[in-house]
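Protein chains: 2
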Amino acid sequence: MSSTAVGCLLSPLLPRPSSTVAAAGCNCKSRSIRVRASMSSPPPPVAEFPYLPPAQRELMVEILSMVETGLGPQLLPSTVPSDVLSFQNPSGSAHGAIDIRHGGRDSTVNFILESWLHCQIPTGALNIATLLVFLNSSTDAPHLLMEFMQGSPTSLVLLLDLIPRKDVVLHPDYLDEFYHQTDLDKQRQVLSKLPQVQPYMSSSIYARSLLSPTAIAVDINCGDGKEQTLLEEIIRGKLNMICKEIVQIWLRLCVKTRLSSEVDQDILVKRDSLIKSKAIEIDLEANLPRMFTPKVASRIIREIKEAYKCIDSGN
Amino acid sequence: MSSTAVGCLLSPLLPRPSSTVAAAGCNCKSRSIRVRASMSSPPPPVAEFPYLPPAQRELMVEILSMVETGLGPQLLPSTVPSDVLSFQNPSGSAHGAIDIRHGGRDSTVNFILESWLHCQIPTGALNIATLLVFLNSSTDAPHLLMEFMQGSPTSLVLLLDLIPRKDVVLHPDYLDEFYHQTDLDKQRQVLSKLPQVQPYMSSSIYARSLLSPTAIAVDINCGDGKEQTLLEEIIRGKLNMICKEIVQIWLRLCVKTRLSSEVDQDILVKRDSLIKSKAIEIDLEANLPRMFTPKVASRIIREIKEAYKCIDSGN
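Chains A and X supply the protein sequences, listed in that same order.
If you're matching positions, the first sequence starts at 1 in the working numbering and goes up one per residue.
If you're matching positions, the second sequence starts at 1001 in the working numbering and goes up one per residue.
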């Protein structure tokens, strides 16, 4: 069930509409609605999250609410067409939703991509939910990636990382500022000590290279029996705490950090551009046609390519 | 027992003298001696390997023989002083041996460092054996690292990697040439499938950053009982095959590869220099004084710093 892990650059996660939120017992409804309301637009289809189990859905909603509250004023309204905001394959066995919004003038945000994908597979269902916040070249602070990939009710792959924008071997100060001083590895260690948690490694070596040395890339496997409850407990407990802590660190440090004069902006832009194009090649072009048919996939990929190409405002 | 994993840049491994080799039943005696003989110098103390279990010692000897046969004509004689070639702490509970040789004119080798460290610890003994071949700036091909760290008779940490010289995210062609086309990940996968093998993660996030996405960084743990035999079987079986295959790949590709005109040599030299200085700071300066007393450690570190500073011949 494992995606290529730049699976990263495609998939879902967003605040669900108030009715769904209420049904799942989530207490962040008011915040979610406030953020949306301030943008004068209704929740997009990506916010529905119809297939995720309650614990994942609630965590996704809370994380999205945190990020949207933090970035809210910086984000422009979505211009994603309706047949990309929500889509399915001809047989109806695969569904998906994507939303992309760009950062406004004076924002450090290039774009925020939220998505979810659901499809039937021989062993049940595959659900991928992704949040990606790509910053622009006005800052060299890390991008944010959070992704859930679930292929069975009792297991879950989680990718959560502040993706470095620079070669950290050549820039130990960068590593120190964003990864060491923030004590990010502590969060990874807490999770890795659970007996159900194993490291997860993408099949793409380029995707592996993108991640920071403190990345959380784990496969949480609670067995083949009735351990769905155990997985939910882990998600509502340690995972919830760790995800929020890391996203808070990113919001605190990364959205405000500006470029120092020493940064080579050409390399920064080239590096970001490579990450985007390789992600499309490795993840989307390799997987979406199989899940949604080539016709549907090409529509989705075209929209994402357009978003990725969008001029880096780099104020 | 785990070292910092740029533990990497300090420790041992070399062909033992003929008597020891014969006692351990190793069949590479003649090759080893041939290489040494061609350099008109007797085996240095690092070649003794008095503390390693037979299976590790034999593998180390074979690997060193392969590397020395491959690089032989490129290497200059050692100039390491006798009190660094072999040393111990005042109480005699810790012993070590290091040898460093530089590459000659027209060589792609900057230096080869071989070392072993042994010290008593509360749970028994710690043995670290290292081979590091650092290339010079006449090529951007990866450096070679192989390290065994053993803190109990039934467990072993292995680091084996072609250490990238460039930011692989910015240079996907580099990743493709040295890591993808060589199918290096296949070797890692074979080892990772053994039930005794777990991923190993250095406590230093800088050390983690140095490794390639196909690095073998594993903790082989065969339990607390009488599973010493099992560990030896793994070392003589899969580990032996995998280590040799990877070192062969490195010898084939890396020592011959020359720089393309597009490479920024200033960045290459700066990056290599940072790796060296951070390795000394993270690994040697943090650990050697505790193992050998500050006085002995300072002598060793001074010699290694001199070797690291040695002018990059970058022909």
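For each residue, glycine too, the CB sits at the ideal point set by N, CA and C.
- For X/Thr1182, not one C-beta of chain A is nearer than 8 Å to its own C-beta.
- Those residues of the segment 206 to 222 of chain A placed with their C-beta closer than 7 Å to a C-beta in chain X are Tyr206, Arg208, Ser209, Leu210, Pro213, Thr214, ordered along the chain.
- The distance from the Cβ of X/Val1046 to that of X/Glu1114 is about 5 Å, consistent with a contact at the 8 Å cut-off.
- The continuous alpha helix (DSSP H) containing X/Pro1172 extends over residues 1172 to 1175.
- If you check each beta-carbon in the segment 1144 to 1161 of chain X against every beta-carbon of chain A, none falls closer than 8 Å.
- Rounded to the nearest whole angstrom, the C-alpha separation of X/Arg1188 and X/Ile1242 is 8 Å.
- A/Met146 is bridged by DSSP to A/Leu131, A/Leu160.
- Counted as a single uninterrupted DSSP element, the stretch harbouring X/Gln1265 is not any beta strand (DSSP E) but the alpha helix (DSSP H) occupying residues 1265 to 1279.
- Counting only residues of its own chain and dropping the five nearest sequence neighbours on each side, A/Gln120 has a CB closer than 6 Å to the CB of Ser93.
- Contact annotation for A/Leu132 against chain X: no contact, minimum CB-CB distance about 16 Å [criterion: below 7 Å].
- Remark: C-beta atoms of X/Tyr1200 and X/Ile1282 do not approach each other more closely than 8 Å.
- In this chain, the beta strand (DSSP E) harbouring X/Arg1101 covers 1094 to 1102.
- Rounded to the nearest angstrom, the gap between the Cα atoms of X/Leu1211 and X/Tyr1051 is 28 Å.
- A residue is called buried once 16 or more other Cβ atoms fall within 10 Å of its Cβ, and X/Arg1105, having fewer, is exposed.
- Annotated three-state conformation of A/Gln198 is strand, per DSSP.
- Bounds of the beta strand (DSSP E) holding A/Asn110 are 109 to 121.
- Here X/Asp1167 carries a coil assignment [DSSP, helix/strand/coil].
- For X/Phe1178, the secondary structure class from DSSP, reduced to helix, strand or coil, is helix.
- Neighbours of A/Pro172 in chain X, taken as residues whose beta carbon is under 9 Å from its own, are Tyr1206, Ser1209, Leu1274, Lys1278 in chain order.
- For X/Val1218, the enclosing beta strand (DSSP E) covers residues 1216 to 1221.
- Remark: C-beta atoms of A/Leu231 and A/Leu162 do not approach each other more closely than 8 Å.
- Among the CB atoms of chain A, none fall inside 8 Å of the CB of X/Ile1249.
- A Cβ of chain A is located within less than 8 Å of the beta carbon of X/Val1168.
- From the listed residues X/Gln1196, X/Arg1299, X/Met1291, X/Leu1239, the smallest Cα separation to X/Pro1122 is found for X/Met1291.
- Using a CB distance cut-off of 8 Å, A/Pro44 does not count as an interface residue toward chain X.
- Residue burial is scored here from C-beta neighbours: X/Arg1165 has at least 16 other C-beta atoms within 10 angstroms and is therefore classed as buried.
- Put simply, the segment 1234 to 1241 of chain X does not touch the segment 243 to 258 of chain A. Fewer than three CB pairs are less than 8 Å apart.
- Among the residues of chain X, those whose CB is under 9 Å from the CB of A/Lys270 are Leu1170, following chain order.
- The criterion of a C-beta distance shorter than 8 Å is not satisfied by X/Asn1221 and X/Gln1181.
- Beyond the five residues adjoining it in sequence on each side, A/Gln248 comes within less than 8 Å, by CB distance, of Met66 in the same chain, given in chain order.
- Taking 8 Å as the CB threshold, A/Ile267 lines the interface with chain X.
- Per DSSP, reduced to three states, the secondary structure at X/Ser1152 is strand.
- X/Phe1087 is bridged by DSSP to X/Gly1096.
- Counting C-beta pairs with one atom in each stretch, the segment 79 to 88 of chain A and the segment 288 to 303 of chain A have three or more that are closer than 8 Å, which means they touch.
- In the structure shown, X/Ala1141 adopts coil according to DSSP, grouped into three states.
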